[in-house]
Amino acid sequence: MTNLIRVWDIPGGIHPPENKNQSLQLPLGDIPLPPVLVIPLNQHMGTPAQPVVQIGDKVLTGQLIGAADGTFSANTHASTSGTVISIEDCAIPHPSGITAQSIVIQPDGLRTWIEKEECADFHALDRLELLDKIRAAGVAGLGGAGFPTAVKLAPKSTQIIDTLILNGAECEPYITADDMLMQVRANELIAGTLLLSHILHHPEKLLIGVEDNKPKAIAALKMAIAAAGVTDPEAKKIQVVSFPTKYPSGGAKQIIQILTGRETPSGHHSADIGVICVNVATAVAAWRAVRYGEPMVSRVTTIVGEALQTQRNINVLFGTPISYVLNQHGFDANRASRVVMGGPMMGFTLLDLDAPVIKTTNCILAPGKQELPPPSPAQACIRCGMCADVCPASLLPQQLFWYAQAEDFDRLETHNLFDCIECGACSY
18 MTNLIRVWDI PGGIHPPENK NQSLQLPLGD IPLPPVLVIP LNQHMGTPAQ PVVQIGDKVL
78 TGQLIGAADG TFSANTHAST SGTVISIEDC AIPHPSGITA QSIVIQPDGL RTWIEKEECA
138 DFHALDRLEL LDKIRAAGVA GLGGAGFPTA VKLAPKSTQI IDTLILNGAE CEPYITADDM
198 LMQVRANELI AGTLLLSHIL HHPEKLLIGV EDNKPKAIAA LKMAIAAAGV TDPEAKKIQV
258 VSFPTKYPSG GAKQIIQILT GRETPSGHHS ADIGVICVNV ATAVAAWRAV RYGEPMVSRV
318 TTIVGEALQT QRNINVLFGT PISYVLNQHG FDANRASRVV MGGPMMGFTL LDLDAPVIKT
378 TNCILAPGKQ ELPPPSPAQA CIRCGMCADV CPASLLPQQL FWYAQAEDFD RLETHNLFDC
438 IECGACSY
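Its first residue numbered 18, the sequence shown is counted upward by one per residue in my numbering.
Here it is as structure tokens:
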């Protein structure tokens, strides 16, 4: 249960102000039902789901309203019971401010669930049945990528997985959603880890990677492992590995290198080097999908920033308008410099605050004008090389910049542009 394995360092990295304490002063909270829920059919990486309900239909919490369209798509479910009042293009959280087809539900206030199919012992089911349950529940990566989880948990037969990593690093400043989840749902995370291990044919190593700035989460996980080990010997295999805080240690390739020393080759998936990496919140969602038959309809999200009266983590329904979430926390638009979905490094400014919370919304940041002022004008590159020093992917950002300016796309590709994880360390 303790750090019995070696940890490695990653190239580059930075140490921006963490700003995590302000959202951890209050316990995990909830907010009242909003007047309407706007549920986009594309909350995941891949093809949007296809609507399977019509205007005027009554729906229940967890009812399928959008069916996955292809392998890299994910089911979409009603976040609460109510009536479908429209199916139309609505604003979604996206850097470009685009709209997308969404199902608008007027809640009835009853929160009536569909009939759920529970599973008391996942060991009794075949791994393909378990994958079907996770796929049906619409589980997608909650760490920010939104990759359909059932696809990630079904590596090719030639990919022998010897290490399962649960990613609890959460290195981005301000965001504490995973930290809070690990503190209050540690038992569910350990159960989810054992579930994923079973699906992946019991890898040799089960690792939960957490940065060392989360002592309460680390303590909660170790207690949960000790409790689970009483009834399930495999739980004793799980190791909580704390490692030094550095951004962007939470990137999938980065945490794999930190915990195993293995580098993922360019253009390859981690499964090619025997590792599957899953976000901790995703593992909890997968376990609830199997254990309780619960589709993914909500998530823990950090609500933070000096333009808010209340800063905390909440469990919020998908489809809740971000403007409603902000108002529930005393948002003062006059004090805010902008509203960002995600953190200050990899997040983006929201152009329409009526856009809804979706599966990849791990943080809503409403910074004050002094807290996150507008960026200063870009200065000419003097080739100091600091951007290359901090790049965790060992790229040459200054060269990529010049090739991009010249629209020399062939050289961009030969300089491995697609290995960039868009962490923003070079810009910082």
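For each residue, glycine too, the CB sits at the ideal point set by N, CA and C.
None of the values given here were measured: they were computed from a predicted structure.
If you draw a straight line from the alpha carbon of residue i to that of residue j, how long is it in whole angstroms?
{"i": "Cys401", "j": "Asp425", "result": "22 Å"}
{"i": "Leu368", "j": "Ser287", "result": "34 Å"}
{"i": "Pro44", "j": "Ser103", "result": "35 Å"}
{"i": "Asp196", "j": "Ala186", "result": "9 Å"}
{"i": "Pro250", "j": "His215", "result": "13 Å"}
{"i": "Ala137", "j": "Cys443", "result": "48 Å"}
{"i": "Lys461", "j": "Ile207", "result": "The structure shown does not extend to residue 461, since the chain spans only 18 to 445, so no value can be given for it."}
{"i": "Leu217", "j": "Leu389", "result": "43 Å"}
{"i": "Ala91", "j": "Gln396", "result": "43 Å"}
{"i": "Phe89", "j": "Lys263", "result": "32 Å"}
{"i": "Glu35", "j": "Val69", "result": "43 Å"}
{"i": "Val101", "j": "Gly126", "result": "14 Å"}
{"i": "Asn351", "j": "Leu77", "result": "39 Å"}
{"i": "Ala303", "j": "Arg316", "result": "12 Å"}
{"i": "Leu58", "j": "Pro51", "result": "19 Å"}
{"i": "Ser141", "j": "Ala244", "result": "The question names Ser, but residue 141 in the sequence shown is Ala. So the two alpha carbons sit approximately 22 Å from each other."}
{"i": "Pro391", "j": "Tyr445", "result": "14 Å"}
{"i": "Ile225", "j": "Gln326", "result": "34 Å"}
{"i": "Met18", "j": "Asp349", "result": "Its pLDDT being 41, under 50, Met18 is placed unreliably by the model, and the measurement read from it follows with that caveat. Cα to Cα, the separation comes out at about 45 Å."}
{"i": "Gln415", "j": "Ile438", "result": "16 Å"}
{"i": "Gly73", "j": "Leu223", "result": "47 Å"}
{"i": "Val53", "j": "Gln71", "result": "16 Å"}
Determine the contact status of residue i and residue j, defining contact as a CB-CB distance below 7 Å.
{"i": "Ile56", "j": "Ser113", "result": "no"}
{"i": "Ile290", "j": "Val24", "result": "no"}
{"i": "Asn296", "j": "Gly160", "result": "yes"}
{"i": "Ala66", "j": "Gly83", "result": "yes"}
{"i": "Val357", "j": "Leu334", "result": "no"}
{"i": "Pro190", "j": "Pro33", "result": "yes"}
{"i": "Gly364", "j": "Ala300", "result": "no"}
{"i": "Leu181", "j": "Ile293", "result": "yes"}
{"i": "Gly30", "j": "Pro409", "result": "yes"}
{"i": "Thr277", "j": "Lys270", "result": "no"}
{"i": "Ala372", "j": "Ala353", "result": "no"}
{"i": "Lys376", "j": "Gln60", "result": "yes"}
{"i": "Asn332", "j": "Asp47", "result": "yes"}
{"i": "Ala147", "j": "Val307", "result": "Checking the displayed sequence, the identity of residue 147 turns out to be Leu instead of Ala. Yes, they are a contact pair."}
{"i": "Gln200", "j": "Ala157", "result": "no"}
{"i": "Ala194", "j": "Thr319", "result": "yes"}
{"i": "Asp179", "j": "Pro232", "result": "no"}
{"i": "Asn330", "j": "Ser40", "result": "yes"}
{"i": "Arg128", "j": "Ser98", "result": "yes"}
{"i": "Ala203", "j": "Ala241", "result": "yes"}
{"i": "Ile192", "j": "Ala167", "result": "no"}
Within 10 angstroms of its Cβ, does residue i collect 16 or more other Cβ (buried), or is it exposed?
{"i": "Cys398", "result": "exposed"}
{"i": "Thr431", "result": "exposed"}
{"i": "Lys133", "result": "exposed"}
{"i": "Asn20", "result": "A caution first: Asn20 carries a pLDDT of 48, below 50, which makes its placement in the model unreliable, though a value can still be read off. With fewer than 16 Cβ atoms within 10 Å of its Cβ, Asn20 is classed as exposed."}
{"i": "Ile115", "result": "exposed"}
{"i": "Lys37", "result": "buried"}
{"i": "Glu311", "result": "buried"}
{"i": "Pro124", "result": "buried"}
{"i": "Gly322", "result": "buried"}
{"i": "Ile177", "result": "exposed"}
{"i": "Ser259", "result": "buried"}
{"i": "Asp26", "result": "exposed"}
{"i": "Thr175", "result": "exposed"}
{"i": "Leu145", "result": "exposed"}
{"i": "Pro338", "result": "buried"}
Since residue i is in the beta strand (DSSP E), which residue starts that stretch and which ends it?
{"i": "Asn296", "result": "Val292 to Asn296"}
{"i": "Gln123", "result": "Thr116 to Pro124"}
{"i": "Thr180", "result": "Thr180 to Asn184"}
{"i": "Pro57", "result": "Leu54 to Pro57"}
{"i": "Arg329", "result": "Arg329 to Leu334"}
Please list the terminal residues of the continuous alpha helix (DSSP H) segment that includes residue i.
{"i": "Lys169", "result": "Thr166 to Lys169"}
{"i": "Phe418", "result": "Pro414 to Gln422"}
{"i": "Asp229", "result": "Element bounds for Asp229: n/a, residue is neither H nor E."}
{"i": "Gln256", "result": "Gln256 -> not in any alpha helix (DSSP H); beta strand (DSSP E) instead, spanning Ile255 to Phe260."}
{"i": "Ile339", "result": "Ile339 to Asn344"}
{"i": "Val407", "result": "Met403 to Val407"}
{"i": "Gly209", "result": "Ala203 to Ile216"}
{"i": "Leu276", "result": "Ala269 to Thr277"}
{"i": "Ile82", "result": "Per DSSP, Ile82 belongs to no alpha helix (DSSP H); it is in the beta strand (DSSP E), Leu81 to Ala84."}
{"i": "Thr431", "result": "Phe426 to Thr431"}
{"i": "Leu145", "result": "Arg144 to Ala153"}
Shorter than 7 Å from the beta carbon of residue i to some beta carbon of chain D?
{"i": "Val295", "result": "Checking the listed chains, one finds no chain D in this structure; it contains a single protein chain."}
Considering only DSSP beta bridges, list what residue i is partnered with.
{"i": "Val321", "result": "Leu382"}
{"i": "Val76", "result": "Gly99"}
{"i": "Lys222", "result": "Thr180"}
{"i": "Ser315", "result": "Leu334"}
Check whether the Cβ of residue i sits closer than 6 Å to any heavy atom of the ligand MN, and report yes or no.
{"i": "Pro124", "result": "This structure lacks the ligand MN, and indeed carries no ligand of any kind."}
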